[in-house]
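In the order they appear, the protein sequences are chains A and B.
In terms of numbering that gives the first Met the number 0, the first sequence has 114 at position 115, counting the first letter as 1, and numbering is strictly consecutive.
In terms of numbering that gives the first Met the number 0, the second sequence has 36 at position 37, counting the first letter as 1, and numbering is strictly consecutive.
Just so it is clear, CB atoms sit at the ideal spot from N, CA and C, and this is done for glycine as well.
If you're wondering where the values come from, they're calculated on a predicted model, not measured in any experiment.
What follows is a set of notes on a single structure, which appears directly below.
Number of protein chains: 2
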Amino acid sequence: MPALPKPANRREGLRRETLALILATAERIFAEHGFKGATMQAIADEARLPKANLHYYFPTKQDLYRQVVERIFNIWLDAAESFDTTASPQEALTTYIRKKMEISRSHPYGSKVWANEVIHGAPIIHDYLETTLTEWTETRIKVIERWMDEGLIDRINPRHLLYMIWATTQHYADFSHQIVTLNDSKEMNDQQWADATECVTRIILAGIGAKRGG
Amino acid sequence: MPALPKPANRREGLRRETLALILATAERIFAEHGFKGATMQAIADEARLPKANLHYYFPTKQDLYRQVVERIFNIWLDAAESFDTTASPQEALTTYIRKKMEISRSHPYGSKVWANEVIHGAPIIHDYLETTLTEWTETRIKVIERWMDEGLIDRINPRHLLYMIWATTQHYADFSHQIVTLNDSKEMNDQQWADATECVTRIILAGIGAKRGG
DNA sequence: GTCTATAGAATGATAGAC
DNA sequence: GTCTATCATTCTATAGAC
């Protein structure tokens with residue numbers, strides 16, 4: 000994503016701060032209650048703004064929601080550059096899985112909102128699935144197929160490998176309440192996140208016959 | 000789950016049919032729209048019943064919802080008996096993964112409702128996570144640890160292996176809209192389900208160093 | 001740009017006839 | 001057990017003063 004241009008003046012800077020505040024708050028409320036369960040009033044209260052101000056920046060609830068969903072989607076797309084810039088499957092997948100795990104930890108609300116959206120049939124962002132995500136997936140499948148042709152990994156169905164990586168990494172964000180409960184009702188600490196990342200990476204690399212050091 | 004006793008008379012049989020109809024319809028509507036997004040009116044319309052009848056069988060919307068969630072949870076618990084009745088990790092895990100994949104195909108709505116519930120912090124069924132699921136998990140972790148002690152599989156963190164199996168298998172139900180879109184907007188056919196199951200099983204078994212035939 | 005007040009629509013739940 | 005009619009509440013969105 001390109002860096003935002005500098006704010007032209009003070010008013011513009013304030014506007015941007017308010018926008019960011021609303022988006023961050025909305026992300027959390029949508030994640031916790033779903034699209035319908037989240038109310039503009041609740042988002043306004045949490046952001047300490049009058050409800051009418053939300054409608055000033057985002058005409059409708061759906062506009063606000065869509066921007067929240069687009070944000071996490073773009074973050075994930077950026078995390079996949081290792082597929083293009085890295086030669087070995089070991090390095091590419093290790094980097095990709097690590098980044099996806101980091102995003103699950105740093106953007107748990109965004110991940111939950113996305114999961115919610117897809118679970119309900121992606122009514123708002125269906126076009127993204129059909130265009131951007133489809134192209135993205137085809138490209139990466141080609142990369143994985145090249146690895147197999149070169150004998151770098153076992154012959155597996157690349158599609159299901161991608162699904163497994165998505166499912167497993169996002170599980171730590173989307174199902175965090177379940178994971179916390181099974182972790183003595185404590186948030187995962189640094190060591191546990193490192194452990195999870197290491198374990199997931201190891202099983203997947205070994206699972207497709209890619210040695211880790213190589 | 001114990002088999003239901005025979006209906007005592009005609010009225011009792013009709014009552015049971017109506018209950019089953021409401022539960023099945025509610026499962027789908029809750030899956031498609033979330034707890035708040037699903038309306039009693041929509042469920043009633045789909046089941047071709049007056050809305051008041053729903054409130055007759057289920058006093059509140061939450062009562063109905065809770066029964067839907069409990070059902071898929073019990074189905075998953077039953078699928079795990081292979082851990083207790085099977086000696087080798089290969090056979091136990093192959094069976095467990097296959098059953099979980101079959102449930103993802105046969106009960107996609109239930110799986111989605113569960114995912115939704117956990118994503119939103121499990122407000123309704125938090126007690127299940129703390130009691131039944133915690134005990135279930137501890138028991139299975141012990142089984143996996145025994146496999147490692149006996150040198151049947153590599154040393155990995157059993158907890159993350161379980162999470163990976165849950166995440167990957169349920170992904171095919173919860174993210175089915177994404178998967179269908181990436182599959183030329185076609186539902187997965189028998190061959191593709193078999194393929195997915197085979198691929199997931201292979202990667203996980205190889206990932207933990209368990210040979211498939213053994 | 002910010003805020004108060006409110007219109008207009010939809011929802012969960014129930015009363016009460018049959 | 002089934003159904004119609006309705007109440008009380010809550011929500012999105014906007015009008016209009018500042």
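In terms of residue numbering, what span does the alpha helix (DSSP H) encompassing residue i cover?
i              : result
residue 43(A)  : 39 to 46
residue 93(B)  : 88 to 105
residue 174(B) : Note, residue 174(B): premise wrong, no alpha helix (DSSP H); not H, not E.
residue 188(B) : No alpha helix (DSSP H) contains residue 188(B), which DSSP labels as neither H nor E.
residue 63(B)  : 60 to 77
residue 52(A)  : 50 to 56
residue 84(B)  : 81 to 84
residue 136(B) : 133 to 148
So, is residue i buried or exposed, given that buried needs 16 or more other C-beta atoms within 10 angstroms?
i              : result
residue 210(A) : exposed
residue 183(A) : exposed
residue 276(B) : An answer regarding residue 276(B) cannot be provided, because it is not within the stretch 0 to 213 covered by chain B.
residue 204(A) : buried
residue 122(B) : exposed
residue 207(B) : buried
residue 190(B) : exposed
residue 51(B)  : exposed
residue 177(B) : buried
residue 201(B) : buried
residue 12(B)  : exposed
residue 175(B) : buried
residue 0(A)   : Only weak support is given to the placement of residue 0(A): the predicted model assigns it a pLDDT of 49, under 50, and the question is left unresolved by the model.
residue 91(A)  : buried
residue 150(A) : exposed
residue 59(A)  : exposed
residue 93(B)  : buried
residue 46(A)  : buried
residue 193(A) : exposed
residue 241(A) : Because residue 241(A) is not part of the residues shown, which for chain A are 0 to 213, the question remains open.
residue 84(A)  : exposed
residue 86(A)  : exposed
Could one say the Cβ of residue i lies closer than 8 angstroms to chain A's Cβ atoms, at least one of them?
i              : result
residue 40(B)  : no
residue 34(B)  : yes
residue 89(B)  : no
residue 23(B)  : no
residue 207(B) : yes
Kindly say whether residue i, judged by its beta-carbon, lies nearer than 8 angstroms to any beta-carbon of chain B.
i              : result
residue 92(A)  : no
residue 29(A)  : no
residue 67(A)  : no
residue 180(A) : yes
residue 185(A) : no
residue 195(A) : yes
residue 214(A) : Chain A is shown only over 0 to 213; residue 214(A) falls outside these bounds and no answer can be derived.
residue 174(A) : yes
residue 215(A) : The requested residue 215(A) does not occur in the structure, where chain A is confined to residues 0 to 213.
Within the same chain, show all residues whose beta-carbon is closer than 8 angstroms to that of residue i, passing over the 5 residues directly before and after it, in chain order.
i              : result
residue 76(A)  : 131, 135
residue 140(B) : 157, 158, 161
residue 179(A) : 185, 186, 187
residue 22(A)  : 63, 66, 67, 70
residue 214(B) : As displayed, chain B neither begins before 0 nor continues past 213, which places residue 214(B) out of reach and without an answer.
residue 41(B)  : 28, 32
For residue i, which residues from the same chain have a beta carbon less than 6 angstroms from its beta carbon, with the 5 sequence-adjacent residues on both sides left out?
i              : result
residue 108(B) : 26, 27, 30
residue 114(A) : 173
residue 37(A)  : 28, 29
residue 146(B) : 88, 152
residue 98(A)  : 78
residue 24(B)  : 42, 45, 46
So, for residue i: in the same chain, excluding its five sequence neighbours on each side, which residues have a beta-carbon less than 7 angstroms away from its beta-carbon?
i              : result
residue 103(A) : 110, 168, 169, 171, 172
residue 56(A)  : 17, 18, 21
residue 155(A) : 207
Compute every distance between the C-beta of residue i and the non-hydrogen atoms of the ligand SAH, then say whether any falls below 7 angstroms.
i              : result
residue 157(A) : No copy of the ligand SAH appears in this structure; indeed no ligand is present at all.
Practice task
Check distances from the C-beta atoms of the stretch 121 to 154 of chain A to those of chain B and list, in chain order, the residues that come in under 8 angstroms.
Solution key: 121, 125, 128, 129, 132, 133, 136, 153
Practice task
Give the residues from the stretch 42 to 62 of chain A that approach chain B closer than 8 angstroms (Cβ to any Cβ), ordered along the chain.
Solution key: none
Problem - Short-range partners of chain A found in the stretch 97 to 117 of chain B, where Cβ spacing is below 7 angstroms - result: 111, 114, 115, 117
Exercise for the section: Determine which residues of the stretch 153 to 169 of chain B have a Cβ less than 8 angstroms from any Cβ of chain A, and write them out in chain order. Expected result: 153, 155, 156, 158, 159, 160, 162, 163, 165, 166, 167, 169
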